[in-house]
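Asker:
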Amino acid sequence: MATVLDSKVPSGPLGEKWEKHKFESKLVNPANRRKFSVIVVGTGLAGASAAASLGDMGYKVKAFCFQDSPRRAHSIAAQGGINAAKNYRNDGDSVHRLFYDTIKGGDYRAREANVHRLAEVSVNIIDQCVAQGVPFAREYGGLLDNRSFGGAQVSRTFYARGQTGQQLLLGAYSALSRQIHLNNVEMHTRTEMLDLVVVDGRARGIITRNLVTGAVERHSADAVLLCTGGYGNVFFLSTNAQGCNVTATWRAHRRGAFFANPCYTQIHPTCIPVHGEDQSKLTLMSESLRNDGRVWVPKAKGDKRRAEDIPEAERDYFLERKYPAFGNLVPRDIASRNAKEVCDEGRGVGEGQAVYLDFAASIARVGENVIRDRYGNLFDMYAKITAENPYKTPMQIYPAVHYTMGGLWVDYNLQSTIPGLFVLGEANFSDHGANRLGASALMQGLADGYFVAPYTIGNYLGGTKLDPVTANAPEFGAVENDVNERVNKLLSIKGNKTPLAFHKELGKIMWNECGMARSKDGLESALKRIPELREEFWNNIKVTGEAGEFNQQLERAGRVADFLEFGELFAKDALVREESCGGHFRVEHQTEEGEAKRDDDNFAHVAAYEWTGKSGAQTRNVEQLIFENVKLTQRSYK
Amino acid sequence: MATLNGTSNGHGKMLSLTLQIWRQKNSKTKGRMEEYKIKGVSTEMSFLEMLDMLNEQLIKEGKDPVAFDHDCREGICGMCGAMVNGYAHGPDEATTLCQTHMRSFSDGDTITIEPWRAKAFPVIKDLAVDRTSFERIIQSGGYISVGTGGTPDANAIPIPKEAADRAMDAAQCIGCGACVAACPNASAMLFTSAKISHLANLPQGQVERHLRAANMIRAMDELGFGNCTNHGECEAVCPKEIKMENIALMNREYFGAMM
Numbered sequence: 001m002a003t004v005l006d007s008k009v010p011s012g013p014l015g016e017k018w019e020k021h022k023f024e025s026k027l028v029n030p031a032n033r034r035k036f037s038v039i040v041v042g043t044g045l046a047g048a049s050a051a052a053s054l055g056d057m058g059y060k061v062k063a064f065c066f067q068d069s070p071r072r073a074h075s076i077a078a079q080g081g082i083n084a085a086k087n088y089r090n091d092g093d094s095v096h097r098l099f100y101d102t103i104k105g106g107d108y109r110a111r112e113a114n115v116h117r118l119a120e121v122s123v124n125i126i127d128q129c130v131a132q133g134v135p136f137a138r139e140y141g142g143l144l145d146n147r148s149f150g151g152a153q154v155s156r157t158f159y160a161r162g163q164t165g166q167q168l169l170l171g172a173y174s175a176l177s178r179q180i181h182l183n184n185v186e187m188h189t190r191t192e193m194l195d196l197v198v199v200d201g202r203a204r205g206i207i208t209r210n211l212v213t214g215a216v217e218r219h220s221a222d223a224v225l226l227c228t229g230g231y232g233n234v235f236f237l238s239t240n241a242q243g244c245n246v247t248a249t250w251r252a253h254r255r256g257a258f259f260a261n262p263c264y265t266q267i268h269p270t271c272i273p274v275h276g277e278d279q280s281k282l283t284l285m286s287e288s289l290r291n292d293g294r295v296w297v298p299k300a301k302g303d304k305r306r307a308e309d310i311p312e313a314e315r316d317y318f319l320e321r322k323y324p325a326f327g328n329l330v331p332r333d334i335a336s337r338n339a340k341e342v343c344d345e346g347r348g349v350g351e352g353q354a355v356y357l358d359f360a361a362s363i364a365r366v367g368e369n370v371i372r373d374r375y376g377n378l379f380d381m382y383a384k385i386t387a388e389n390p391y392k393t394p395m396q397i398y399p400a401v402h403y404t405m406g407g408l409w410v411d412y413n414l415q416s417t418i419p420g421l422f423v424l425g426e427a428n429f430s431d432h433g434a435n436r437l438g439a440s441a442l443m444q445g446l447a448d449g450y451f452v453a454p455y456t457i458g459n460y461l462g463g464t465k466l467d468p469v470t471a472n473a474p475e476f477g478a479v480e481n482d483v484n485e486r487v488n489k490l491l492s493i494k495g496n497k498t499p500l501a502f503h504k505e506l507g508k509i510m511w512n513e514c515g516m517a518r519s520k521d522g523l524e525s526a527l528k529r530i531p532e533l534r535e536e537f538w539n540n541i542k543v544t545g546e547a548g549e550f551n552q553q554l555e556r557a558g559r560v561a562d563f564l565e566f567g568e569l570f571a572k573d574a575l576v577r578e579e580s581c582g583g584h585f586r587v588e589h590q591t592e593e594g595e596a597k598r599d600d601d602n603f604a605h606v607a608a609y610e611w612t613g614k615s616g617a618q619t620r621n622v623e624q625l626i627f628e629n630v631k632l633t634q635r636s637y638k
Numbered sequence: 001m002a003t004l005n006g007t008s009n010g011h012g013k014m015l016s017l018t019l020q021i022w023r024q025k026n027s028k029t030k031g032r033m034e035e036y037k038i039k040g041v042s043t044e045m046s047f048l049e050m051l052d053m054l055n056e057q058l059i060k061e062g063k064d065p066v067a068f069d070h071d072c073r074e075g076i077c078g079m080c081g082a083m084v085n086g087y088a089h090g091p092d093e094a095t096t097l098c099q100t101h102m103r104s105f106s107d108g109d110t111i112t113i114e115p116w117r118a119k120a121f122p123v124i125k126d127l128a129v130d131r132t133s134f135e136r137i138i139q140s141g142g143y144i145s146v147g148t149g150g151t152p153d154a155n156a157i158p159i160p161k162e163a164a165d166r167a168m169d170a171a172q173c174i175g176c177g178a179c180v181a182a183c184p185n186a187s188a189m190l191f192t193s194a195k196i197s198h199l200a201n202l203p204q205g206q207v208e209r210h211l212r213a214a215n216m217i218r219a220m221d222e223l224g225f226g227n228c229t230n231h232g233e234c235e236a237v238c239p240k241e242i243k244m245e246n247i248a249l250m251n252r253e254y255f256g257a258m259m
C-alpha cells in the first residue's frame, strides 16, 4: 500500500511561501536552545554550515566526519563557482529567473517551492561568505566579478579562481572551527556513521565507528542531520573523492527514510578521459572552461591527425552547430550526451572516447595571461595528469559521473519520512530535479545549511514534545549489535576477492547499463547481475586486519556492501521511469533529434522508495509534482 | 613527456620498482622500513594508484596492506601526503602526492616512502598521521568572528583586486602538513601564516587581526611545532606554492599584537 507523501509546501503565492513559513515556524528561545542537542553527519558545505549556524544559535551540536578534518569534505573540490541572483551585471537576472532556469535545467522534475526558496536565499549566501573572508574574484574597481555557466543566459556565477568550493568550504570550516573553540560544537573527526537509531518513530541518534581505534559508539540527540553527500561512487569511477559513499543515507533508508529518484545521476561533460584499468578516479575540468573553450571533433570518422593539423573547415563544433543559442554552454546532460554520440559515431579523438576542448580562439582573443588568470590551476592540473600543455594543445575531455540529484526524500522542511531526521545538500533529492545546473550544488549546500535548516529545525524542536532519550535506551543497544554483527561478518568471511575488486565490478555494471544511455534490456541485466554480485560478495569478500584498529579495507568493504544494495534500487528506478528526463536517458524515449523525451502525463512525479525488509523489494511511492508557476515545455537550448 | 601524436591517454610504459615503505602498526609500536617489489606499474598511473596496486598484491599474498590517507585524489583536499625519497609529496614541484604520476619515475627505481615526521603529527598507522594539531591552530583564531545572517551586501565594501588576489594566494593552503614535514624544526609557520595573511589582506579581517595573530601563534607554540629559521624547505615543497612572505607578514602582525 503506497504511502501518501506530504511535501508540506506552505500555501500562498510562490514568492511569499518562505517568508510566511518562517513567520509561522515555532521558535526556540535562546536560553532553551542549549537544552536541545543536534547531530550533524558530514562536514561539507551543507554540514559545516549547518553545524556552525546551529552552534552559533546556541544548540548543543555534535558533528561527525570520516576524514581527519572537516575541511577535507569533497565540497572542497568544486571548482567553477556558485550561483546567486544578485544581478550585479544588470543583465536581466532575478530571483525568478534563477528559479526558472533551475526548474527548466532540472527538466521539470523538481519541487517549485523548494527551488524558489533556494533562489531567494542565494543572495544571502554571497553576503555571508564575503563577511567570512571568502576571497571571491574581483574587478579592478573592487567589486565582485561574475562568469557564466551552463543553462543560463546571464552571468550570475561568483568564483574564486578555479577553487570556489575550496574557498566556500574553508569559510564554512572557519565558522565551524570558531564554534568548536566556543564549545558549541563537539567535533568527531575520523568517525563514520554506520547506522541510525530510531526511538518511538523519531530519529534520536546514530551509531558510529571510530576509524582510528575501531570503537563502535552510541550518540543520542533530539534531531539528526545527514549532510553526507551523493552516491556517485556506486559507479566506482567518478569525480567524487575516494571516501564518498552512500552508507549514511542507505542505513537511514533501511530504518525508514524514503529514497527518492535514485536513478537521477549527473554525468559531467568535461572530465579527463579514462586511461586504464588501474585508474581510481576521474578528474573534472570545471564547466567554467566552456566559457572560453570550444568543444569539437573532426568531421570525418577515424581522423587521426593531430588537432593542430585539422583545418577549421574539417572540424565539427557540434554544440555550437546544434544549439546556437547556448552553444558550448548547454546544460551538462545535453553536452554529455552529444559528446557520447559523436564518439559512438567514430569521431572521438585520442583513444576514441574523448572530444576536444579548445582554447586557441580565446587565447588569440584575450591573450594567454587572461586565460591563465581565469583557469590557471585547472590548466596546471590537466598538465599534471596528462603531461600535455593545454595552452598549446586542446584538452581532451569525456563525460564522467559527477553528481547525484537523487537522495533521501525530504519535505519543504528538509525533513525525511523519519521525523527528526533532516537531510541537507547533495544527500537529499530536493532542488535539482533530473539535472543540476553548474554552480548550483554549492548554492544548495550552503542555502540548506546556513539559511533553511536553522529555521526548520527550530520549528521541529520547538513544536514537538520530545521525551528525553539517552544512549542507554535499548534501541541503541539493538542497533549497536547490528553494527557489530555486520563488521564481524565482513571480517569472518575470509574469501578471495578484495573490496576494491568488488567495487570495480559493480562500477562496470553501473556504467555500462545505468550510465549515459539506459535501455530496458540493459537495466534488466543489471537487475540480475547486481544481486548475483552481492551474493558473491557476502560469500567471497576478503577483508584483512581486525575490527579494533585503523582498517581501511574494512571501511571500504562496508561501503561497497551498501553500494551493492543501493545499485539495485538505482537500476530498478531507472527501469520503471519509462521516460527520458535530464540525466536519465532511456534510449526508448527520445525525440527524432535524439533529445530526451519526457512523459509528463505519467512521470511528472518524484519516485520515493520505501524499504520493506529486503533489498530490491522496496515499495515505489509517488509525490506528484505540481507546477503552478512554470509551463512544462520540451526543453530547448537551440 | 608521455605524449604520442598529441595524445597521452594510452597505457604508457611499464615500470618494475622496489619500494621501501615505513610500516608501523599503530602509535604505540615502533615502526620499520620494509621492502616490496612491484611490477607492471604504468607510467600513466598516479602514485596512489601504484599504492592501490601494491595493496591488492599484498592482500593476495596474505599480508597487511599499507595504510595511507587520501580522499579527493585531485590535489585539493589535503588528506594525502608522504615523504617520497626524502621529499614531501615526492619529486614534482607544486604537486600533491595524489597528483604525482609514475611517469616521474624510471624502470628499476627504488622508492622510499615514509610518513610525515613531526612531534605534532604522531603516526596513526604506516603512512597515516594525526594532524589534529592543525585543527587546534585554526580553532584558536583562524576565522572572522561572524555568525550566520545579518551581514552587509557583498559589494558594500569594495576590495582592491590586488588585495583579493593576495588573500586568495594565501587562502589556497590545503592544510596537508608538507611544510611541517619538510622543515628541520617541524615548524607550522607557513601553514599558520597563510591563514593569518589571507585574513589580514581583507578589510573584513582587520578588526581581529592582532588578536588572531597572537592567539594562533600561541596555539602553534603550545602544540609542539618548532620555529622558523629560514631554511625555506616549506616553500619548496608546498603543493600550492604558498610563499614565505606570509611568514614575514605574520611576524609583523605578531609585533603589532605585542605593541
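Protein sequences, first through last, are from chains A and B.
Okay, so the first sequence: first residue is 1 according to the numbering used here, each after it adds one.
Okay, so the second sequence: first residue is 1 according to the numbering used here, each after it adds one.
From the three backbone atoms N, C-alpha and C, an ideal C-beta is built for every residue, glycine too.
A/D195 lies in the beta strand (DSSP E); which residues open and close that run?
Answerer: A/D195 -> beta strand (DSSP E) spans T191 to V199.
Asker: Can you confirm whether the stretch 397-414 of chain A touches the stretch 88-101 of chain A when touching is taken to mean that 3 or more C-beta pairs between the two stretches lie within less than 8 Å?
Answerer: no
Asker: Mind checking whether A/K384 and B/Q99 have CB atoms under 7 Å apart?
Answerer: yes
Asker: Over the uninterrupted alpha helix (DSSP H) stretch that includes A/N114, give me the two end residues.
Answerer: Per DSSP, A/N114 is one residue of the alpha helix (DSSP H) stretching across E112 to Q132.
Asker: Just mark A/V40 as buried or exposed, buried being the case when its beta carbon has 16 or more other beta carbons within 10 Å.
Answerer: buried
Asker: Using beta carbons (cut-off 7 Å, strictly below), is B/D221 in contact with chain A?
Answerer: no
Asker: Please work out which residues of its chain come closer than 6 Å, Cβ to Cβ, to A/H253, disregarding the five sequence neighbours upstream and downstream, and give them in chain order.
Answerer: F259 and W611
Asker: Do three or more CB pairs link the stretch 534-545 of chain A to the stretch 371-379 of chain A at distances below 8 Å?
Answerer: no
Asker: If you compare alpha carbons, which of A/L211, A/I207 and A/A223 is closest to A/E217?
Answerer: A/I207
Asker: I think B/D187 touches B/N227, with their Cβ atoms under 8 Å apart; what is that distance to the nearest whole Å?
Answerer: Per the sequence shown, residue 187 of chain B should be read as Ser rather than Asp. With a Cβ gap of about 6 Å, B/S187 and B/N227 count as contacting.
Asker: Who are the Cβ neighbours of B/K195 in its own chain at under 6 Å, not counting the five residues just before and after it?
Answerer: These residues qualify, in order along the chain: G142.
Asker: Indicate whether A/T247 and A/R559 have their beta-carbon atoms separated by less than 7 Å.
Answerer: yes
Asker: Output, in chain order, the set of chain B residues within a Cβ distance shorter than 7 Å of A/T498.
Answerer: Correct list: E56 and I59.
Asker: Decide if B/T148 is buried, meaning its Cβ has at least 16 other Cβ atoms within 10 Å, or exposed.
Answerer: buried
Asker: Please say whether A/E579 and A/R598 have beta carbons closer to each other than 7 Å?
Answerer: Result yes, Cβ atoms of A/R598 and A/E579 sit closer than 7 Å.
Asker: On a CA-only basis, which of B/G40, B/N230, B/L223 and B/T43 is nearest B/S140? Give me that one, please.
Answerer: B/L223
Asker: Relative to the C-alpha of A/G201, which candidate in A/V469, A/Q553, A/M516 and A/S525 has its C-alpha closest?
Answerer: A/V469
Asker: 7 Å is my cut-off, CB to CB: does A/R232 come that close to chain B?
Answerer: Just to set this straight, residue 232 of chain A is Gly in the shown sequence, not Arg. A/G232 does not count as touching chain B.
Asker: Is it the case that the stretch 112-120 of chain A contacts the stretch 582-600 of chain A, given that we only count it when at least three CB pairs across the two stretches are under 8 Å?
Answerer: no
Asker: Along chain A, which residues have their Cβ under 7 Å away from the Cβ of B/N155?
Answerer: Y88, L143 and L144
Asker: With DSSP as the reference, label A/A248 as helix, strand or coil.
Answerer: helix
Asker: Consider the Cβ of A/Y140: report whether some Cβ of chain B lies at a distance smaller than 7 Å.
Answerer: yes
Asker: To the nearest angstrom, how far is it from the Cα of B/T192 to the Cα of B/I138?
Answerer: Distance between the alpha carbons of B/T192 and B/I138 is about 8 Å.
Asker: Have a look at A/W18 and A/P10 and give me their C-alpha separation to the nearest angstrom.
Answerer: 8 Å
Asker: Once you ignore the five residues that flank B/C72 on each side, which residues in its own chain have a CB closer than 8 Å to its CB?
Answerer: The answer, listed in chain order, is M79 and C98.
Asker: What is the residue span of the beta strand (DSSP E) that A/G205 lies within?
Answerer: Unbroken beta strand (DSSP E) run through A/G205: R202 to N210.
Asker: Going along chain A in order, which residues have a C-beta closer than 7 Å to the C-beta of B/H70?
Answerer: Q242
Asker: Quick one, are the C-beta atoms of A/G582 and A/N481 less than 7 Å apart?
Answerer: A/G582 is not a Cβ neighbour of A/N481, given a cutoff of 7 Å.
Asker: In the structure shown, what three-state DSSP assignment does A/R89 receive?
Answerer: coil
Asker: Going by CA-CA distance only, name the one from A/Y398, A/G425, A/T393 and A/A387 that's closest to A/T404.
Answerer: Closest in C-alpha terms to A/T404, from the list A/Y398, A/G425, A/T393 and A/A387, comes A/G425.
Asker: Given a limit of 7 Å on CB to CB distance, which residues of the stretch 159-174 of chain B reach chain A?
Answerer: I159, P160, K161, A164, A167, M168, A171 and Q172
Asker: Beta-carbon of A/F603 versus every beta-carbon of chain B: anything under 7 Å?
Answerer: no
Asker: I think A/V330 touches A/G150, with their Cβ atoms under 8 Å apart; what is that distance to the nearest whole Å?
Answerer: That belief holds up - the Cβ atoms of A/V330 and A/G150 are roughly 6 Å apart, short of 8 Å.
Asker: Whose C-alpha, out of A/P394, A/V587, A/V483 and A/Y140, is nearest the C-alpha of A/E513?
Answerer: Here the closest residue by C-alpha is A/V587.
Asker: Which chain B residues sit within Cβ distance under 7 Å of A/A63?
Answerer: Result: empty, since nearest Cβ-Cβ is about 12 Å, beyond 7 Å.
Asker: For A/G548, which of helix, strand or coil comes out of DSSP?
Answerer: Coil.
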